[in-house]
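Take the sequence shown: its letters are residues 1 to 316, numbered as in the numbering used here.
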Amino acid sequence: MDTTPAIEAVGLTKMYGSFAAISDVNLTVRRGEFMGLLGPNGAGKSTTLKAITGLLKPTSGSVRISGIDIREHSKAMQHVGCVIETPEPYPGFTPAEIMQYVARMYGLDSRETAIRARDALETVKMWEWRDKKVGGFSKGMRQRVVLAQALLPNPDTIILDEPTSGLDPRGMIEIRQSLAALKNRDRSLLISTHILSEVSELCGSVAMIRDGRVITQGDVSTLIHGVGGRQISLEIRTVAPFTSQIVKNIEGCQGVSSTEHMGDCSLRVTFTGTPEQQAHLTETVFRSGLGVLAMNEKGANLESLYMELTEGDEVK
Ligand SMILES: Nc1ncnc2c1ncn2[C@@H]1O[C@H](COP(=O)(O)OP(=O)(O)OP(=O)(O)O)[C@@H](O)[C@H]1O
Ligand SMILES: [Mg+2]
1 MDTTPAIEAV GLTKMYGSFA AISDVNLTVR RGEFMGLLGP NGAGKSTTLK
51 AITGLLKPTS GSVRISGIDI REHSKAMQHV GCVIETPEPY PGFTPAEIMQ
101 YVARMYGLDS RETAIRARDA LETVKMWEWR DKKVGGFSKG MRQRVVLAQA
151 LLPNPDTIIL DEPTSGLDPR GMIEIRQSLA ALKNRDRSLL ISTHILSEVS
201 ELCGSVAMIR DGRVITQGDV STLIHGVGGR QISLEIRTVA PFTSQIVKNI
251 EGCQGVSSTE HMGDCSLRVT FTGTPEQQAH LTETVFRSGL GVLAMNEKGA
301 NLESLYMELT EGDEVK
């Protein structure tokens, strides 16, 4: 199996005078991996993506796409589809005409153009609209046409800078569904976004960037659950009421900081411990003989991780 990463950025730094828009950014997107790039406004997401796609020359550092140095731009970008500050599609054109235009840039013949245009427009659910002028489309539809442009060359690697920004919920969901449909096809994706659920639904891994530096990177579920030490709240619902002895046993488990009765058969446990300690707590609860109906874990999500890592940031 080819283990060459889809994207490998090493030590990327971009200086504007004495200001570092990004410093020493290291990012690896493996083949078949979907990675979300998260961070507050001005964190350096667009700068990173521009440096990766060669739209901007970094002050230092290097980028390889499928093993090819981005300085060999056309060769490295041959199998990349990207949407980064792409201008809106020309209103007088239809999606079909736009696909033809893009196909010509990639030197595709007419047979291949027809196949790929249909595939790209179907993926973004715009095939039915192929012969209508873009000018009359909603913002979400135009955004999907832009995405189809990126998908037209059937790229292995897709790089998108906030593809759902400014869309209404339906528009966002439709773009997300289009991207999810690409998952079965062994493609790699690097996507920047402000929408945390977009990352948790779409991406297996995440990189968080703040003040131009990558502050954490890795598997989404490992980051959320694996480290431990993060405060979570466990809501336990049982058939039989909690006795004071059982509550005492639960409070005696390592990592438990407090408990709160939510009702006779419902207890909220605040926990800050390791995964092993959490496993022990779970066993204690199940062995209590109360008949556990449900045990919900709250706070162990991307949102709480993000809030923790960006703590102290003000709204800019
Ligand atoms: N051409 C430029 N000249 C000077 N500073 C710049 C330039 N481009 C970006 N910056 C600065 O670099 C930093 C990173 O900007 P960037 O656009 O990469 O952030 P971002 O994470 O994409 O933010 P947003 O979420 O708002 O899109 C910001 O402080 C920005 O003001
Ligand atoms: Mg940006």
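All C-beta atoms in this analysis are idealised placements derived from N, C-alpha and C, irrespective of residue type, glycine included. Please read all numbers here as calculations on a predicted model, not as lab measurements.
Under the 8 Å Cβ criterion, the region 215-234 does not count as touching the region 186-195, having fewer than three qualifying pairs. Relative to the non-hydrogen atoms of ligand 1, the Cβ of A207 never comes closer than 7 Å to any of them. Annotated three-state conformation of N249 is helix, per DSSP. Taking each of V124, G255, R64 in turn and checking the Cα distance to T284, the smallest one comes out for G255. With a threshold of 16 other beta carbon atoms within 10 Å, P5 meets it and is buried. Annotation for R142: the continuous alpha helix (DSSP H) segment containing it runs 139-151. Beyond the five residues adjoining it in sequence on each side, M172 comes within less than 6 Å, by CB distance, of T164 in the same chain, given in chain order. Only buried fits I191, as 16 or more other CB atoms lie within 10 angstroms of its CB.
For H261, the secondary structure class from DSSP, reduced to helix, strand or coil, is strand. Sequence-distant Cβ neighbours of G44 in its own chain, meaning closer than 6 Å and more than five residues away, are A21, I22, I209, G212. Collapsing the DSSP output to three states places S205 in a strand.
Restricting attention to beta strand (DSSP E) runs no shorter than 3 residues, the region 67-117 encloses them at 80-83, ordered along the chain.
Just so you know, the alpha carbons of T13 and V25 end up roughly 7 Å apart. For the pair T216 and I7, the CB atoms are not nearer than the 8 Å cut-off. Between I250 and T243, the C-beta spacing is not below 8 Å. Taking the C-beta atoms as reference points, A150 is found nearer than 8 Å to C82. In this structure, the straight-line span from the alpha carbon of T272 to that of S257 is close to 7 Å.
Here the distance from the Cβ of S266 to the nearest heavy atom of ligand 2 is not below 7 Å. According to the DSSP assignment, E297 belongs to the beta strand (DSSP E) that extends over 292-298. With a threshold of 7 Å, the Cβ atom of N26 does not count as near ligand 1, since no heavy atom of the ligand is closer than that. Screening all residues for a C-beta within a distance smaller than 7 Å of any heavy atom in ligand 2 leaves K45, S46, D161, E162, S192, in chain order. Within 7 Å of the C-beta of Y16 there is at least one heavy atom belonging to ligand 1. Setting aside the 5 residues that flank it on each side, R116 is surrounded in the same chain by M99, A103, L108, L152, P153, N154, each with a C-beta closer than 8 Å to its C-beta; the list follows chain order. Taking 7 Å as the cut-off, one finds at least one heavy atom of ligand 1 near enough to the beta carbon of A21.
Measuring C-alpha to C-alpha distances from R142 to each of P89, A96, S110, I84 identifies P89 as the nearest. Looking from the CA of V239, the closest CA among G252, M77, L293, A148 belongs to L293. Taken from the Cβ of A51, every heavy atom of ligand 1 lies 7 Å or farther away.
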